[in-house]
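Reading through the structure tokens given below for one structure.
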Amino acid sequence: MKGNPMTDSNTSQQFIVQGDPVRSGQLNEHLRREPGVTRIAQVAPDVVVLSMTKTQADRLKSTFATLVVEPDSALKPFDAD
11 MKGNPMTDSN TSQQFIVQGD PVRSGQLNEH LRREPGVTRI AQVAPDVVVL
61 SMTKTQADRL KSTFATLVVE PDSALKPFDA D
């Protein structure tokens with residue numbers, strides 16, 4: 011068994027996905043052919059939150075070179091001073 015169980019490639023987790031393919035609709039088109047990926051929220055014209063496995067996230071990164079795909083847990087909230 012390799013890897014951390016929290017980042018198991020077969021376990022769905024939330025990812026922040028940002029880039030032009032989100033804004034242009036290319037990502038939506040691609041996701042119609044990608045079972046198991048769930049849209050959680052659209053937070054900006056070019057930013058969505060998706061629930062998917064690490065394997066699916068890696069596939070998105072390789073399909074769309076301009077897409078930024080980061081685990082939601084990796085992002086820290088801002089402290090408003």
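The opening residue of the sequence shown carries number 11 in this note's numbering; numbering runs sequentially from there.
All C-beta atoms in this analysis are idealised placements derived from N, C-alpha and C, irrespective of residue type, glycine included.
Unbroken beta strand (DSSP E) run spanning residue 60, endpoints: 57-62
Residue 43 (DSSP reduced to helix, strand or coil): coil
Contact set for residue 56: own chain, Cβ-Cβ below 7 Å, skip 5 residues either direction: 28, 29, 30, 32, 33
Three-way DSSP call (helix, strand, coil) for residue 75 in this model: coil
Whole-angstrom C-beta distance between residue 73 and residue 19, which should lie under 8 Å: Residue 19 to residue 73, Cβ: 17 Å. No contact.
Cβ separation of residue 82 and residue 58, assumed to be a contact under 8 Å, to the nearest whole Å: Not really, about 11 Å apart at Cβ, beyond 8 Å.
Cα-Cα separation between residue 42 and residue 35, rounded to whole angstroms: 11 Å
Proximity of residue 66 and residue 44 at Cβ, strictly below 8 Å: yes
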